[in-house]
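Q: Taking the UniProt record's numbering, the leading residue of the sequence shown gets 1, the next gets one more, and so forth. All C-beta atoms in this analysis are idealised placements derived from N, C-alpha and C, irrespective of residue type, glycine included. Values in this document were obtained by computation on a predicted structure and should not be read as measured data. Got a structure here, written out as structure tokens. Questions coming.
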Amino acid sequence: MGVVLKTWNIRKLSILAVTVFLLFIAFFLIGGLVAPAPSSVMNMLMTKCYDKHVYAHEKKWYIPRGLHACDQIDDLSNPMVIDKRIDANMVVFALWMPYPREGRQFSMSRWFQNMLTVLRMDIEHHSNNPLKANATMRMEVRLGYRNQQDNESDWKELISTQEDRPLRCDTDGVRKEEDDYYRCELLSFFELGSVHYDYYLINIHLPVYQPKDVNLGLGTIQDIHIITIFQNGGFTKVWFSLKTAMFPVIIVVLVWFWRRVKLLSRQPNLLERTLLTLGIVLSIMNFPVEWLTLWFNLPWMSILSDIRQGAFYATLLSFWMIFAGEHMVDNSVPLTHSYFFFQDSTQKNNPKSYWKSVTSVVFGCLCILIFELSEKGMQLKNPFHTIWVTETGTRVALAFIIISIIAACIYFLFLSYMIYKVFKNTRAQSPTRKNCLLKFVDSRIFFFIFKFLMVLTLLCTALTVIFFIISQISEGQWKWGDDGISLQYTSSLLTGVYGMWNVYVIGLLSLYAPPHKPYGKLRFLEVMYRSENIIIINIKSQGMDVLGHSYVLARFYISIFTARMFPHTLV
Numbered sequence: 001m002g003v004v005l006k007t008w009n010i011r012k013l014s015i016l017a018v019t020v021f022l023l024f025i026a027f028f029l030i031g032g033l034v035a036p037a038p039s040s041v042m043n044m045l046m047t048k049c050y051d052k053h054v055y056a057h058e059k060k061w062y063i064p065r066g067l068h069a070c071d072q073i074d075d076l077s078n079p080m081v082i083d084k085r086i087d088a089n090m091v092v093f094a095l096w097m098p099y100p101r102e103g104r105q106f107s108m109s110r111w112f113q114n115m116l117t118v119l120r121m122d123i124e125h126h127s128n129n130p131l132k133a134n135a136t137m138r139m140e141v142r143l144g145y146r147n148q149q150d151n152e153s154d155w156k157e158l159i160s161t162q163e164d165r166p167l168r169c170d171t172d173g174v175r176k177e178e179d180d181y182y183r184c185e186l187l188s189f190f191e192l193g194s195v196h197y198d199y200y201l202i203n204i205h206l207p208v209y210q211p212k213d214v215n216l217g218l219g220t221i222q223d224i225h226i227i228t229i230f231q232n233g234g235f236t237k238v239w240f241s242l243k244t245a246m247f248p249v250i251i252v253v254l255v256w257f258w259r260r261v262k263l264l265s266r267q268p269n270l271l272e273r274t275l276l277t278l279g280i281v282l283s284i285m286n287f288p289v290e291w292l293t294l295w296f297n298l299p300w301m302s303i304l305s306d307i308r309q310g311a312f313y314a315t316l317l318s319f320w321m322i323f324a325g326e327h328m329v330d331n332s333v334p335l336t337h338s339y340f341f342f343q344d345s346t347q348k349n350n351p352k353s354y355w356k357s358v359t360s361v362v363f364g365c366l367c368i369l370i371f372e373l374s375e376k377g378m379q380l381k382n383p384f385h386t387i388w389v390t391e392t393g394t395r396v397a398l399a400f401i402i403i404s405i406i407a408a409c410i411y412f413l414f415l416s417y418m419i420y421k422v423f424k425n426t427r428a429q430s431p432t433r434k435n436c437l438l439k440f441v442d443s444r445i446f447f448f449i450f451k452f453l454m455v456l457t458l459l460c461t462a463l464t465v466i467f468f469i470i471s472q473i474s475e476g477q478w479k480w481g482d483d484g485i486s487l488q489y490t491s492s493l494l495t496g497v498y499g500m501w502n503v504y505v506i507g508l509l510s511l512y513a514p515p516h517k518p519y520g521k522l523r524f525l526e527v528m529y530r531s532e533n534i535i536i537i538n539i540k541s542q543g544m545d546v547l548g549h550s551y552v553l554a555r556f557y558i559s560i561f562t563a564r565m566f567p568h569t570l571v
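Shown next, in the form of structure tokens:
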């Protein structure tokens with residue numbers, strides 16, 4: 001049985017376990033008691049402006065309120081519309097974000113970090129203007145911005161584009177009565193990777209061009225609602241504070257761990273190298289580069305965050321496979337007989353033994369990352385770009401989400417089975433009081449460490465998979481147009497899982513760091529049993545000089561002599 005054995009006693013390990021548990025609870029409480037909800041949702045009604053010379057004023061901004069407010073229409077069925085001969089080509093839907101409240105004009109904040117918007121259409125049924133099935137709405141959209149110190153009419157253009165959005169409405173289920181509203185799905189609108197400016201202005205024009213069948217059969221569009229989702233500023237402050245606090249901690253522990261490893265007379269083993277890699281990737285993810293968004297417009301910051309988190313997922317999942325594989329203690333059965341992803345158990349400390357599992361994990365994470373970046377990368381140039389507007393794109397996106405969730409569940413089940421086999425093999429080879437000969441090896445400490453680490457690993461895996469599934473569903477529900485799903489992650493889940501990752505990695509770095517005491521205290525113990533007596537004991541030491549080896553061998557021979565003379569005495 002070859003396993004890492006720390007030279008700690010039960011008291012120290014109990015303190016460690018309680019400390020880890022309390023830190024887990026603390027991180028969850030920070031999100032639940034200190035931080036507000038991760039995101040907020042604003043439902044804003046667009047103002048209907050009209051201009052008889054809209055095509056002659058292509059560069060004109062239509063402002064819904066203030067000193068430069070546009071001419072407005074409250075209701076398209078108003079007789080004034082007929083009297084002034086206002087048609088659909090003269091109407092421009094306008095929205096100034098954010099909405100005023102209690103007579104005050106509030107501003108957006110850079111603490112919001114990002115902004116996602118979707119459209120909700122209010123379409124009335126009229127017999128003389130019905131909504132066609134599978135109709136496509138073409139929009140001429142302008143997105144502008146300004147800051148508080150700018151003049152109220154000094155709006156600067158962020159982008160001007162023409163976009164098509166399919167209307168997925170229940171045309172069969174609506175009652176054939178006048179003024180009934182169709183039930184339509186939400187439409188993806190635009191997504192910004194940063195909220196750098198104080199105010200945003202949106203103008204939407206729906207041109208009608210009969211010769212090319214543009215915007216015909218859309219029914220009577222009474223109103224357009226823009227639903228805006230952004231990260232809460234209060235949560236962002238808590239999130240930045242956590243990353244700023246954890247970054248130096250993990251760096252210090254990582255440097256301390258590697259200095260201990262470099263003091264050894266041997267080369268670092270596979271588990272130590274993998275743990276070092278995990279710590280480095282976690283440090284990169286912890287680095288609070290997001291502070292720069294408070295001073296600079298960095299729309300690519302969300303892409304950088306996805307890359308860092310994707311790299312951490314790949315490293316963490318690969319580490320768990322190697323961590324469980326290296327703790328396979330049943331050397332009598334080749335692992336190829338039990339596990340598809342591993343080679344013969346005699347190839348421990350060999351990276352090639354895990355190439356199948358690591359390649360599968362990295363490939364899966366890379367596919368998910370490419371899928372995310374393919375959309376966000378295009379949105380750097382055009383925030384209105386989305387793959388959810390076409391039927392094919394929607395199916396592909398949903399397929400990716402479903403497959404990723406299934407893969408995460410399969411991974412958890414597979415890792416759980418591996419850990420179960422590890423526990424089973426460990427129990428089969430665990431020493432009893434009758435055959436325990438070495439006084440300086442406390443089997444209770446060994447199994448306490450082992451069970452504690454494996455249970456903690458399984459808990460971290462479960463919470464990571466749950467967090468991944470909830471994040472995929474929560475972030476995707478606005479894009480696939482189903483506003484009936486209410487599954488969202490809370491602040492406590494976000495801060496709790498983030499803290500769990502850091503505490504878990506710091507704990508492993510502490511437990512697996514080589515000792516610093518004289519004679520290099522025993523680190524590994526391999527015991528082979530035959531019948532009820534110990535036949536061979538293979539001692540592997542780290543950083544142990546000749547005197548240290550002599551000390552260990554002397555203790556060993558004393559134990560053997562005592563066992564021979566007093567076979568019923570536990571030494």
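Just curious, the alpha helix (DSSP H) that glutamate 272 is in, first and last residue?
A: Where glutamate 272 is concerned, the enclosing alpha helix (DSSP H) stretches over 270 to 286.
Q: For a test of the three-state rule: what should DSSP assign to serine 153, helix, strand or coil?
A: coil
Q: Where does threonine 461 fall in DSSP's three states?
A: helix
Q: What number of angstroms, rounded off, separates the C-alpha of leucine 508 from the C-alpha of alanine 408?
A: 23 Å
Q: Is arginine 11 buried or exposed, if buried means 16 or more other CB atoms sit within 10 Å of its CB?
A: With fewer than 16 other Cβ atoms inside 10 Å of its own Cβ, arginine 11 counts as exposed.
Q: So what's arginine 11 in DSSP terms, helix, strand or just coil?
A: In this structure, arginine 11 counts as helix in the three-state DSSP scheme.
Q: Distance, Cα to Cα, valine 238 vs alanine 35?
A: 6 Å
Q: What are the boundary residues of the alpha helix (DSSP H) that includes alanine 311?
A: Counting along the chain, the alpha helix (DSSP H) containing alanine 311 begins and ends at 301 to 326.
Q: If you draw a straight line from the alpha carbon of isoleucine 370 to that of glutamine 210, how long is it in whole angstroms?
A: 40 Å
Q: Suppose the cutoff is 7 Å on Cβ atoms and the five residues either side in sequence are ignored; what does the same chain contact list for leucine 158 look like?
A: Leu143, Gly144 and Tyr145
Q: For asparagine 203, write down the residues that DSSP places opposite it in a beta bridge.
A: Ala94 and Arg142
Q: Bridge partners for serine 39 per DSSP, in chain order?
A: Gln231
Q: Smallest Cα separation from threonine 161: which of Phe190, Pro64, Met121 and Cys169?
A: Phe190
Q: Select from His205, Arg165, Ser109 and Leu16 the residue whose C-alpha is nearest the C-alpha of leucine 95.
A: His205
Q: Please report how far the alpha carbon of threonine 19 lies from the alpha carbon of glycine 32, in whole angstroms.
A: 20 Å
Q: Measure the beta-carbon distance from leucine 493 to phenylalanine 467 and round it to whole angstroms, keeping in mind my assumption that it falls under 8 Å.
A: Indeed, because the Cβ distance is near 6 Å, the residues count as touching under 8 Å.
Q: List the whole-angstrom C-beta distance separating asparagine 297 from serine 194, where the pair is believed to meet the contact cut-off of C-beta under 8 Å.
A: 6 Å
Q: Starting from lysine 48, follow the beta strand (DSSP E) in both directions and report where the run begins and ends.
A: It spans 47 to 50 - the beta strand (DSSP E) in which lysine 48 sits, taken as one unbroken run.
Q: Indicate whether tyrosine 197 and asparagine 147 have their beta-carbon atoms separated by less than 7 Å.
A: yes
Q: Expressed to the nearest angstrom, what Euclidean distance is found between the alpha-carbon atoms of phenylalanine 21 and phenylalanine 414?
A: 25 Å
Q: Considering only their Cβ atoms, is the gap separating glutamate 124 from threonine 228 smaller than 7 Å?
A: Going by C-beta atoms, threonine 228 is not nearer than 7 Å to glutamate 124.
Q: Name the one or two DSSP bridge partners that residue 574 has.
A: The chain is shown from 1 up to 571; residue 574 falls before or after that span and cannot be answered.
Q: Would you mind working out which of Val249, Gly66, Phe235 and Asp75 sits nearest tryptophan 111, comparing C-alpha positions?
A: Phe235
Q: With distance defined between alpha-carbon atoms, name the residue in His225, Ala462 and Leu76 nearest to leucine 186.
A: His225
Q: Using 10 angstroms around the beta-carbon of glycine 279, count the other beta-carbons present and answer buried if the total reaches 16, otherwise exposed.
A: buried
Q: Quick one: is threonine 495 buried, meaning 16 or more other Cβ sit within 10 Å of its Cβ, or exposed?
A: In summary, threonine 495 is buried, with 16 or more beta-carbon neighbours lying within 10 Å of its beta-carbon over all protein chains present.
Q: For alanine 88, which three-state DSSP category applies?
A: Here alanine 88 sits in helix by DSSP.
Q: Beta-carbon within less than 7 Å of alanine 135's beta-carbon, same chain only, minus the 5 sequence neighbours each way: which residues are those?
A: Leu167, Gly217 and Leu218
Q: Give me the Cα-Cα distance between methionine 115 and phenylalanine 257, rounded to the nearest whole angstrom.
A: 40 Å
Q: Looking only at DSSP bridge pairs, what is valine 214 linked to?
A: Tyr209
Q: For the alpha helix (DSSP H) holding proline 79, just list the boundary residues, first then last.
A: 79 to 83
Q: May I ask you to list the residues that DSSP assigns as paired with alanine 69?
A: Ile63
Q: Can tyrosine 354 and isoleucine 322 be called in contact, C-beta distance under 7 Å?
A: Yes.
Q: In the DSSP assignment, what residue or residues form a beta bridge with glutamine 162?
A: DSSP lists Glu140 as partners of glutamine 162.
Q: How is methionine 378 classed by DSSP in three states: helix, strand or coil?
A: helix
Q: Please report how far the alpha carbon of lysine 381 lies from the alpha carbon of asparagine 151, in whole angstroms.
A: 27 Å
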